[in-house]
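In our numbering, the protein residues as written are -3 to 483. Read through the structure below, which is laid out as C-alpha cells, and then see the notes.
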C-alpha cells in the first residue's frame, strides 16, 4: 500500500515527462511509443477524437487550425481560447494542459496498474501565482485531484542532481535550455529546504530557434541551389509543408550532433518538378557557428543573474544542466571557459532531457498521499445533474429567444457547457467510479464538477437576462476563478 504520492511530472511548454519514485531513486516512465518525453501538443482531427504527443506535434504545420502547442506558458493568462475547426470545439489552455497530464497519467497507470491519485508537478520558473492556480486546475481536470503540489522546475532539477544532500553547500545555478526558450535560475537552501532564489530568461534562445536558423541559413538556400524552386521562403503558404519537414530534419540532425561530428539529412520535398530527395551534410562546426550568438547571450544572462544576487561564478557550487539543447558539446565547452563562458563546475551526472521529472518524483516520494474524500451517494450526484440540466435548458431557451442579439462569447460558453454536461452524463450512465478521464468519474470528482457547472450556468443565466444582452454582468471566462475549471 503506497503512502506517498511517488509520481512526478514535468509540465513543459514544448515537452513533458513523468517519473516514479522507487527504491530511494526515480525512474522515468516511457509513453506508449517507448519515449521518455511526450510533446505538449494536442490534435483534434474530428469530433470525439483527441491525440496528444508526437502525432499531434507532427500536425502543427499541416493542420494549424486543428493542432496546437505552446499552451502551457499561456496558463492563467488572458487570451483567446483554442478553436479546433474540424472537431467543432473550443478549448482553453487549462483544458489542453489537462490533456497532456492525462496522457502522462495513462503512462503511469500502465506502469503501476492503477491511475495516480495525485502527482508533484514541476512547472516553469517564470510562472506567476495566477499561472500556478491555472496549473492546479488543469491537474484537477486531468483527474489528479486538488492536492497536487507544484514545484518550480529549477528546484526539481536541483533535487535530481542531489542538491539537497549534506555534501553540497550551494547555491546552485540551473542552466535550462529547451526547445522553447532559455532560463537561468539560482537555487539555494532557505528555511530547511531548497528555494528558487531568482531567475532570468529569454524565450528566443531555445533550441527551436536554433533549428529555425539551420533551416533558414543553411538548408533552404541549399534547396534553392540544388533544385531552383521559386520564392522558397518560410512565409510562403505554398512551401509550408516542405519547411515543416526541413525543421524536423534540422532538429534530428542537431540531436545527432551532440554525439557525432557530422549528420546526414535526407528529406523528401514536393517541388515544382515533383518529388525530390534533398540531401545535406550538417557539421558540428556549422551548427556551433549558428548557435554561438545564442549561447553567448545566454551566458550574459547568467552573469547578470549572478550580479543581481551579489555573487561571483566561484560562489556557485555547481552548474546544473537541463533541457535537450544543453547536450550540445559546443555549448558545454563555452560554459566551461572562465572567460567567454562561466567557468562554473558543471554536473553532467543526469540526463538533462528528463531531469525535472526525476526531481519531481524524488520530492513526490516524500509527500504523503492526500486523504481520500468519502464517496458520495449516486442519487445525490443524480440530483445535482438534474439541477444542472435544468439550468442548461433555461440558458438554451434564452439563447433561442434572443436570436442573433446575443454576443458570440455567451453562445460559445453555453455550447461548451452543453458538451461538458453531456460527457459527464454519459460517464455517469456507464456506472463505474474508477476516476474522471480514466473510466468514469469518481463520485467526489463528479460533485466538484457539477457544482462548478451549476455556478457557471447561473452566471450565464444572469448575463443572458441582464441589460444589453448581458454585457453589464459579464460571466468570468471559462476555466478561471476559484475552484476547478471545466473539462
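Glycine included, each C-beta is placed from N, C-alpha and C at the ideal position.
Restricting attention to beta strand (DSSP E) runs no shorter than 3 residues, the region 174 to 203 encloses them at 178 to 186, 189 to 198, ordered along the chain. The bridge partners DSSP lists for residue 37 are 65. Counting C-beta pairs with one atom in each stretch, the region 210 to 227 and the region 193 to 202 have fewer than three that are closer than 8 Å, which means they do not touch. Secondary structure at residue 355: helix, using DSSP grouped into helix, strand and coil. Residue pairing for residue 46: DSSP places it in no beta bridge. Excluding its 5 nearest sequence neighbours in each direction, residue 291 has C-beta neighbours in its own chain below 6 Å: 327, 330, listed in chain order. From the listed residues 461, 21, 100, the smallest Cα separation to residue 401 is found for 461. For the region 107 to 180, the continuous beta strand (DSSP E) assignments of 3+ residues that do not extend past its boundaries occur at 116 to 119, 146 to 148, 168 to 173, in sequence order. The beta carbons of residue 24 and residue 15 sit about 5 Å from each other, so the pair counts as a contact at 8 Å. Looking only at 38, 113, 51, 301, the smallest Cα-Cα distance to residue 83 is reached by 38. Inclusion of residue 318 and residue 22 in the CB contact set at 9 Å is not warranted, their separation being larger than that value. Annotated three-state conformation of residue 227 is coil, per DSSP. Restricting attention to 226, 367, 302, 295, the CA atom closest to the CA of residue 337 is found in 295.
Residue 309 carries a helical assignment under DSSP once its states are collapsed to helix, strand and coil. For residue 290, there is no enclosing beta strand (DSSP E); the enclosing alpha helix (DSSP H) has its first and last residue at 280 to 304. Looking at the backbone, the Cα of residue 282 and that of residue 20 are separated by about 43 Å. Around the Cβ of residue 261, a 10 Å sphere holds 16 or more other Cβ atoms; the residue is buried. Exclusion of the five residues before and after residue 209 leaves 286 as the residues of its chain whose Cβ lies within less than 7 Å of its Cβ. In the three-state reduction of the DSSP assignment, residue 335 falls in the coil class. Per DSSP, residue 86 is one residue of the beta strand (DSSP E) stretching across 85 to 87. Under the criterion of beta carbons closer than 8 Å, residue 322 and residue 32 do not qualify as touching, at roughly 15 Å.
Closest option to residue 366, judged by alpha-carbon separation, among 172, 380, 140, 149: 140. Burial of residue 134 is indicated by the presence of at least 16 other C-beta atoms within 10 angstroms of its C-beta.
For the set 100, 151, 89, 142, the Cα lying nearest the Cα of residue 28 is the one of 100. Non-local C-beta neighbours of residue 265 in its own chain, meaning closer than 6 Å and more than five positions away in sequence, comprise 238, 272, 274, ordered along the chain.
Membership of residue 265 in the beta strand (DSSP E) is indicated by the continuous run 258 to 267. Within the same chain, and ignoring the five residues on either side of residue 166 in sequence, the residues whose Cβ sits closer than 6 Å to its Cβ are 184, 185, 313. Counting the other CB atoms within 10 Å of its CB gives residue 30 a total below 16, which places it among the exposed residues.
Inclusion of residue 68 and residue 120 in the CB contact set at 9 Å is warranted, their separation being smaller than that value.
Per DSSP, residue 318 is one residue of the beta strand (DSSP E) stretching across 314 to 318. If you draw a 10 Å sphere on the C-beta of residue 457, you find 16 or more other C-beta atoms in it, and that means buried. Distance check between residue 325 and each of 445, 344, 413, 218 places 344 closest, using alpha-carbon atoms only. DSSP places residue 210 within a helical segment (H, G or I) once states are collapsed to three. Classified as buried, residue 202 has 16 or more neighbouring CB atoms from the shown chains inside 10 Å of its CB. With respect to residue 234, residue 57 sits apart: the two C-beta atoms are not nearer than 9 Å.
Residue 452 counts as buried, since no fewer than 16 other beta carbons sit within 10 angstroms of its beta carbon.
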